[in-house]
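First to last, the sequence lines map onto chains A and B. Under the working numbering, the final residue of the first sequence carries the number 600; numbering is consecutive throughout. Under the working numbering, the final residue of the second sequence carries the number 72; numbering is consecutive throughout. Built from N, CA and C at the ideal position, the CB exists for glycine as well. One structure is given below, encoded as structure tokens.
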Amino acid sequence: MSTVHELPESIFEVGGHQLSSRLILGTGRYDSFEVMQQSLEASGTHCITVAVRRERLYDGEGRNILDFLDLDRYILLPNTAGCYDAETAVRCARMGREILRGLENPGENWVKLEVLGDTRTLLPDPVETVKAAEILVDEGFQVLCYTSDDPIIAQRLKKVGVASVMPAGSPIGSGQGILNPNNLQIILEYLKEGDPDYPVIVDAGVGAASDVAKAMELGADGVLLNTAVAHARDPVKMARAMKAGIEAGRLSYLSGRIPKQLYASASSPTDGVISTRPYPSVPDGKEPSIRLKN
Amino acid sequence: MHIFLNGHEFPISDDWSVSELVARRELDPRQIAIEINHQIIRREDYGNVLLADGDCVELVSLAGGG
Chain A
307 MSTVHELPES
317 IFEVGGHQLS
327 SRLILGTGRY
337 DSFEVMQQSL
347 EASGTHCITV
357 AVRRERLYDG
367 EGRNILDFLD
377 LDRYILLPNT
387 AGCYDAETAV
397 RCARMGREIL
407 RGLENPGENW
417 VKLEVLGDTR
427 TLLPDPVETV
437 KAAEILVDEG
447 FQVLCYTSDD
457 PIIAQRLKKV
467 GVASVMPAGS
477 PIGSGQGILN
487 PNNLQIILEY
497 LKEGDPDYPV
507 IVDAGVGAAS
517 DVAKAMELGA
527 DGVLLNTAVA
537 HARDPVKMAR
547 AMKAGIEAGR
557 LSYLSGRIPK
567 QLYASASSPT
577 DGVISTRPYP
587 SVPDGKEPSI
597 RLKN
Chain B
7 MHIFLNGHEF
17 PISDDWSVSE
27 LVARRELDPR
37 QIAIEINHQI
47 IRREDYGNVL
57 LADGDCVELV
67 SLAGGG
């Protein structure tokens with residue numbers, strides 16, 4: 307039996323990197339670089355996502371985000387956010403790689419691939435996503451691929467060779483949590499069948515720490531999120547909550563939950579009670595789930 | 007003579023290399039990536055690549071993102 311004081315495994319491997327946290331945190335949408343910095347610290351993350359954007363290097367006070375990121379501590383994961391076709395996403399990935407090469411950050415070999423289909427839902431375009439994934443895998447990228455919760459596309463992406471399939475819990479930034487846990491469970495079963503260490507990361511839609519715990523409890527290897535922390539009333543505290551959610555969910559998954567059943571099962575002894583109890587209401591012809599002695 | 011820098015017309019001299027452009031924009035070459043006509047220019051080649059009239063140049067860096 308393992309000790310409850312620490313997680314049984316502290317290292318999580320994905321895309322050729324060993325991460326000390328199963329939480330991947332985004333760096334966008336914080337009120338200030340200082341709040342971002344404190345949130346990253348509180349979350350315990352080891353890997354952070356960044357976007358590639360046209361030369362707009364400074365905030366309103368003339369400061370650069372890179373001055374607030376400890377590149378010796380965090381592995382950067384550049385994304386292709388905002389791309390709506392495979393060709394643009396591939397160009398974006400190549401530019402991200404070139405920047406990270408200049409920064410001498412180990413994240414230069416990987417990319418979070420995101421090819422969107424629609425500006426209102428920000429749902430992925432599955433056809434363009436698969437097309438871009440094929441090109442990037444062919445060019446030697448470790449591709450962590452944002453996708454919908456469709457098990458068939460998830461299988462297709464794994465077959466293409468992406469390092470991790472990252473299904474959305476719900477639309478990006480929506481805070482709706484995991485809308486279809488059944489699909490997520492199917493994805494986990496399909497992708498891990500005969501390959502239990504294949505990493506599946508829930509990406510997008512998280513609203514609170516309970517969503518993170520739910521994803522981990524279902525058996526996801528990690529969670530990637532941004533807005534749920536950045537736009538929380540207290541981002542630093544929420545970052546800490548997300549860390550706790552990851553740990554709680556992971557431990558719960560590893561511990562093995564009890565099966566769900568329709569009727570109750572008493573946790574106190576049924577013998578020796580001082581009261582009389584009514585027969586439970588059960589359908590005709592069925593035995594009561596708890597039989598009384600008299 | 008001009009190029010299209012990040013989608014906007016930008017005047018240059020005919021002897022400008024990519025290095026010249028980066029220096030004029032006061033950028034740290036380690037923090038950026040440059041693409042000319044959809045082709046990445048590696049940092050080591052900035053001094054050897056000359057800009058040509060009408061080139062479409064993308065000059066990018068990192069921003070916060072999820």
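Any C-beta of chain A under 9 Å from that of residue i
i: R49(B); result: yes
i: N43(B); result: no
i: A39(B); result: yes
i: R30(B); result: no
i: G13(B); result: yes
i: E64(B); result: yes
i: G53(B); result: no
i: A58(B); result: no
i: I9(B); result: no
i: S67(B); result: yes
i: G71(B); result: yes
Pair within 9 Å by beta-carbon distance, residue i and residue j
i: L383(A); j: G350(A); result: no
i: V24(B); j: V66(B); result: no
i: L377(A); j: E404(A); result: no
i: V443(A); j: P430(A); result: no
i: G555(A); j: V512(A); result: no
i: I478(A); j: A439(A); result: no
i: L331(A); j: S345(A); result: yes
i: Q491(A); j: G446(A); result: no
i: A550(A); j: E347(A); result: no
i: L450(A); j: V417(A); result: yes
i: N532(A); j: T386(A); result: no
i: I18(B); j: L57(B); result: yes
is_contact[residue i, chain B] using C-beta, thresh 9 Å
i: L442(A); result: no
i: T425(A); result: no
i: N370(A); result: yes
i: T333(A); result: yes
i: L382(A); result: yes
i: M472(A); result: no
i: E414(A); result: no
i: I552(A); result: no
i: R546(A); result: no
i: M522(A); result: no
i: Y559(A); result: no
i: G475(A); result: no
i: G479(A); result: yes
i: M307(A); result: Any answer about M307(A) is weak, because its pLDDT of 46 lies below 50 and its placement is not dependable; what the coordinates show is given next. No - not a single Cβ of chain B is within 9 Å of the one on M307(A).
i: R407(A); result: yes
i: Y504(A); result: no
i: R489(A); result: Before going further, note that residue 489(A) is Asn rather than Arg in the sequence given. It does not: the Cβ of N489(A) has no partner Cβ on chain B nearer than 9 Å.
i: Y297(A); result: Lying outside 307 to 600, the shown extent of chain A, residue 297(A) is not represented and no answer is given.
i: T576(A); result: no
i: R397(A); result: yes
i: V421(A); result: no
i: L325(A); result: no
Endpoints, the alpha helix (DSSP H) within which residue i is located
i: Q37(B); result: Careful: Q37(B) lies outside any alpha helix (DSSP H) and carries neither H nor E.
i: P432(A); result: 432 to 444
i: R397(A); result: 392 to 409
i: D517(A); result: 515 to 524
i: Y496(A); result: 487 to 498
i: R462(A); result: 457 to 466
Per-residue burial, residue i [other beta carbons within 10 Å of its own, 16 or more giving buried]
i: M342(A); result: buried
i: S308(A); result: Because S308(A) carries a pLDDT of 47, less than 50, the predicted location of this residue cannot be relied on, and no value is offered for it.
i: Y569(A); result: exposed
i: N488(A); result: exposed
i: P541(A); result: buried
i: I459(A); result: buried
i: K599(A); result: exposed
i: V310(A); result: In this prediction, V310(A) has a pLDDT of 48, which is less than 50 and means its spatial position is unreliable; nothing more can be read from the coordinates.
i: K543(A); result: exposed
i: M401(A); result: buried
i: V579(A); result: exposed
i: P457(A); result: buried
i: P473(A); result: buried
i: A534(A); result: buried
Residue i at chain D interface by Cβ criterion, 9 Å
i: I18(B); result: The displayed structure is made up of protein chains A and B, and chain D is not among them.
Check: residue i C-beta below 8 Å from any heavy atom of the ligand SAH
i: L524(A); result: This structure does not include the ligand SAH; it has no bound ligands of any sort.
Supposed contact pair residue j and residue i - C-beta distance, whole angstroms, cut 8 Å
i: E50(B); j: E64(B); result: Not a contact, Cβ separation roughly 18 Å.
i: V320(A); j: S470(A); result: 5 Å
i: C398(A); j: I381(A); result: 19 Å between Cβ atoms; not a contact.
i: A515(A); j: A547(A); result: 4 Å
i: G413(A); j: L406(A); result: 5 Å
i: G70(B); j: V506(A); result: About 25 Å separates the two Cβ atoms, so there is no contact after all.
i: Y390(A); j: A536(A); result: No, Y390(A) and A536(A) are not in contact; Cβ-Cβ is about 23 Å, not under 8 Å.
Limits of the unbroken beta strand (DSSP E) element including residue i
i: K549(A); result: It is not in any beta strand (DSSP E) - K549(A) instead sits in the alpha helix (DSSP H) that spans 541 to 561.
i: Q343(A); result: Here Q343(A) belongs to no beta strand (DSSP E); instead the alpha helix (DSSP H) covers 339 to 349.
i: R360(A); result: 353 to 360
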